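Since the structure comes first, as structure tokens, the remarks are kept for the end.
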Amino acid sequence: MFRAFILSFFGLFVMATLPAQEGCRIKVVLDGYTYDTLWFGHTFGKREVPEFFGLRQPDGSYELRSEAPLPSGMYAIIYRKNPTLYESFQCWLADGQRNFIVDTKLREPYQATVKGSPENEALYRYNKVFKSLDDHLDDAIDRWRYLPNEENFHARVAAEKALHDIQQTFIEQNPGTLTAELIRQTMLPLPPEPDAESSNWEAEAERRWHWQKTHYFDNMDLGKEGFTRYLQWMEATDFYLLHLPPPSPDTTIALIDDVLQKLEANPDAWQYYNKYLTTSLARMSQYRLDEVFVHMVRTYLDTGKATWADADDLRKMTADAERMEPLFEGKKAPNITLYDQAENPVNLYDVQAPCTILVFYMPDCSHCKRELPRIKESYARYKAKGLKVVSVCGKFGADAAQCWDFAETFQLPKDWYLVCDPERRSNMATLFNLRSFPRIYFLDKDKNIVFKRAGEMEDWQLDAVLEGVAW
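What follows is the structure, given as structure tokens:
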């Protein structure tokens, strides 16, 4: 959900007193960090913007010091994740709180211990309880979006309330703090209780959704600087677009268009968020978000509104959209002919079943080594209903032997269609947009795509999709 509060963090040490509204002097202790430089700056969306740096001191700490005046507000400690990647974690610079200690570990930044800055003490006191509740809400919402039934609806409502109650309590116990105000702006709004208890959970779910959609941005003006300066605003907007609504591409498209309209008062933020959404959606496959990506390309890139896209971006994104469109849910999967170990042809359309799982994998893929056994377990539960599995190995030529070794090692069922394309005749990589593995398609009796996913699926996710099949 609002991942900004879980950003990586830093350590601070009390130094000499500095006048409020001026510079800062921060001694950072970051256990597990091995590079010799830290940077101090801010974020523009999720992009780090360094302003000055500090070097490792003899005791292993880092001093971040500026004599130049710095306005109060949210800043970032920027560190090197690896030779080519930088990440950051947030801190407040508050009036009269410009020297402080934070002692933390690189792997558990939200467990920071802060001294000398009550504002940052409040931030990290909140972080310590936020993470587990946020993870719980993410899981509840994911289950609800996969299988929207009464049990999952009530679990989602309970998770929303648990997080909201913690946030409201924190605001009441920490009045006037910068963290409390930021929570107030970005917290998930809960609708008033219904006038009478409803026995129709679907109607209640619809009521809650429409109320939350109407009031979500009551405390955030997306046209202002806060959208790009406070990552919490952007994370809250991500949650509104990609987690809060029912999993409908038309709904998500309408919400995105509305958010981008709200951002028009801030052109730099509009271009940044449009690029961020488009590139993020290009990597998403579940909940029909590929349809949303195609909308972004057709509506904003093809028309020239997204000026961030150069000719190479436009060419790549357009090609991606063209590969995705034939694979939208509801469309018929392409027919391909593949071959089993005995070199017998297997035609996809000849597989007769009320539901077929078509899974593409690589035998040396660690994700595939976890996913194929999960599919095997789900198959055992749904085999009696007529489920069939076409397991397609991506190796070819002499390497195709690895496919049969994999099937033997993981004891894939003999009644699966265990196939590959040893001579690369099928063009399956293009037809099924195979840019990563595993890639899983659920097909109905007519071979229409009813669900698809790039990457691993948990046991409960596989079963949730299979429960929704019209057997």
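Here the sequence shown is numbered in numbering that gives the first Met the number 0, starting from 0 and rising by one per residue. From the three backbone atoms N, C-alpha and C, an ideal C-beta is built for every residue, glycine too. Treat the numbers as computed from the prediction; the structure is a model and nothing was measured.
Under 8 Å between C-beta atoms of residue i and residue j
| i | j | result |
| --- | --- | --- |
| Lys451 | Ser198 | no |
| Leu132 | Leu162 | yes |
| Leu187 | Phe226 | no |
| Gln471 | Leu243 | The chain is shown only over 0 to 470; residue 471 falls outside these bounds and no answer can be derived. |
| Leu371 | Ala332 | no |
| Pro193 | Glu203 | yes |
| Val464 | Phe441 | yes |
| Ile448 | Glu328 | yes |
| Pro353 | Lys384 | yes |
| Leu417 | Asp339 | yes |
| Leu63 | Gly72 | no |
| His41 | Tyr85 | no |
| Ala235 | Thr278 | no |
| Ser65 | Phe51 | yes |
| Leu280 | Gln231 | no |
| Arg142 | Ala154 | yes |
| Ser87 | Ile100 | no |
Between the CA atoms of residue j and residue i - distance to the nearest angstrom
| i | j | result |
| --- | --- | --- |
| Ile439 | Ile252 | 24 Å |
| Met219 | Tyr229 | 11 Å |
| Arg207 | Phe238 | 16 Å |
| Asn432 | Gln166 | 42 Å |
| Thr178 | Glu120 | 10 Å |
| Lys524 | Asn98 | Residue 524 lies beyond the residue range present for the chain, which begins at 0 and ends at 470; the question has no answer from this structure. |
| Arg369 | Asp349 | 28 Å |
| Pro49 | Ile335 | 51 Å |
| Met323 | Gln410 | 33 Å |
| Val468 | Met295 | 30 Å |
| Val13 | Asp134 | In this predicted model, Val13 has a pLDDT of only 35, less than 50, meaning its place in the structure is not dependable enough to derive any value. |
| Leu360 | Val391 | First, the amino acid is wrong: residue 360 is Tyr here, not Leu. The straight-line gap from Cα to Cα measures roughly 6 Å. |
| Ala310 | Leu276 | 18 Å |
| Asp319 | Phe169 | 45 Å |
| Thr250 | Leu326 | 20 Å |
| Ser116 | Tyr215 | 31 Å |
| Lys444 | Gln351 | 7 Å |
| Arg424 | Phe395 | 10 Å |
| Gln401 | Glu47 | 43 Å |
| Glu224 | Asn265 | 8 Å |
| Lys315 | Arg79 | 29 Å |
| Leu146 | Ala399 | 37 Å |
| Cys419 | Ala397 | 12 Å |
| Ser365 | Ser60 | 37 Å |
| Leu37 | Ala111 | 17 Å |
| Gly10 | Val128 | With a pLDDT of only 33 at Gly10, under 50, the local geometry of the prediction cannot be trusted, and the value read off the model is given with reservation. Looking at the two C-alpha atoms, the distance is approximately 19 Å. |
| Glu455 | Arg373 | 9 Å |
| Tyr271 | Gly303 | 15 Å |
Cβ-based burial, residue i [other Cβ within 10 Å; buried from 16]
| i | result |
| --- | --- |
| Gly393 | buried |
| Leu259 | buried |
| Gln56 | exposed |
| Thr83 | exposed |
| Gln172 | exposed |
| Glu159 | buried |
| Trp470 | exposed |
| Tyr34 | exposed |
| Lys26 | buried |
| Ser247 | exposed |
| Arg183 | exposed |
| Asp217 | exposed |
| Pro108 | buried |
| Pro362 | buried |
| Met343 | It is worth fixing the name first, because residue 343 is Asn in this sequence and not Met. It counts as exposed. |
| Asp164 | exposed |
| Arg106 | exposed |
| Pro421 | buried |
Same chain only: Cβ atoms within 6 Å of residue i, ignoring 5 sequence neighbours per side
| i | result |
| --- | --- |
| Lys274 | Trp307 |
| Asp30 | Lys104 |
| Asn426 | none |
| Tyr381 | Leu465 |
| Glu21 | Pro68 |
| Pro347 | The sequence shown places Leu at residue 347, not Pro. Within the same chain, Leu347 has close Cβ partners Asn334, Ile335. |
| Ala453 | Ser284, Ser435, Arg438 |
| Leu480 | One cannot answer for residue 480 here, as it falls past the ends of the chain, which runs 0 to 470. |
Contacting residues, own chain, Cβ-Cβ under 8 Å from residue i (five flanking each side not counted)
| i | result |
| --- | --- |
| Leu378 | Checking the displayed sequence, the identity of residue 378 turns out to be Tyr instead of Leu. For Tyr378, where only same-chain residues beyond five positions count, the Cβ hits under 8 Å are Ile356, Leu386, Val388, Pro412, Trp415. |
| Glu118 | Trp91, Ala93, Gln96, Thr176, Leu177, Thr178 |
| Thr317 | Val296, Leu300, Asp301 |
Nonlocal neighbours in the same chain, by C-beta distance under 7 Å from residue i, ignoring five residues either side
| i | result |
| --- | --- |
| Val293 | Ala320, Met323, Glu324 |
Closer than 8 Å to chain D by CB, residue i
| i | result |
| --- | --- |
| Ile439 | In summary, chain D is missing from the structure at hand, where a single protein chain is found. |
Any alpha helix (DSSP H) of 4 or more consecutive residues that is wholly inside the region 293–361: Here the runs fully enclosed are 310–323.
Segments of 3+ residues assigned as beta strand (DSSP E) that fall wholly inside the region 214–272: With a minimum length of 3 residues, there is no unbroken run of beta strand (DSSP E) contained wholly in the region 214–272.
What are the complete alpha helix (DSSP H) segments, minimum 4 residues, inside the region 76–149? Within the region 76–149, the complete alpha helix (DSSP H) segments of 4 residues or longer fall at 117–145, listed in chain order.
Counting only runs of 3+ residues fully inside the region 17–74, write out the beta strand (DSSP E) ranges in chain order. Counting only runs of 3 or more, we get 23–30, 36–43, 46–54, 61–65.
Quick one: which unbroken alpha helix (DSSP H) runs of 4-plus residues sit fully inside the region 400–427? Chain order, please. Here the runs fully enclosed are 400–408.
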